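Counting from 6, one number per residue, gives the positions in the sequence shown under this note's numbering. Note that beta-carbon positions come from the ideal geometry of N, C-alpha and C, so glycine has one too. Quick caveat: nothing in here was measured; it's all calculated off a predicted structure. Everything on this sheet refers to the single structure shown next.
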Amino acid sequence: MKRIIPIVITIVVCVYLFVYAVMTLKGMSLSEPLGIKLFMLSIGAISIGVMFAMVIALFRRLREIKEEEDDDISKY
6 MKRIIPIVIT IVVCVYLFVY AVMTLKGMSL SEPLGIKLFM LSIGAISIGV MFAMVIALFR
66 RLREIKEEED DDISKY
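This is the structure:
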């Protein structure tokens, strides 16, 4: 159970961020000013960056669980 929940949460958040990034980038049109295009591109890039950070955190958490270290919650 400790392994399933982090995987499910990561998948849900990554799908949400991916859809958000795609909709942000898809919403751009050629007639918009450069500043708005750059802003929307930066929002899309930040969303993709957060997705990668979530995946890295997932792998670290799974490695921690595999090494049978104490769970973060049980420390408190």
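Using 8 Å as the threshold, is the C-beta distance between residue i and residue j below it?
i, j, result
"Leu63", "Thr29", "no"
"Pro11", "Arg66", "yes"
"Ile70", "Arg8", "yes"
Return the first residue and the last residue of the alpha helix (DSSP H) that residue i is part of.
i, result
"Leu35", "Per DSSP, Leu35 belongs to no alpha helix (DSSP H) and is neither H nor E."
"Lys7", "Where Lys7 is concerned, there is no enclosing alpha helix (DSSP H), given that its DSSP letter is neither H nor E."
Here's the rule I'm using: 16 or more other beta-carbon atoms within 10 Å means buried, otherwise exposed. How should residue i be labelled?
i, result
"Ala26", "buried"
"Ser52", "buried"
"Gly32", "exposed"
"Gly49", "buried"
"Met6", "exposed"
Looking only at C-alpha atoms, which of the options sits nearest to residue i?
i, options, result
"Val20", "Lys7, Ser47 and Met59", "Met59"
"Val55", "Lys42, Leu22 and Arg65", "Leu22"
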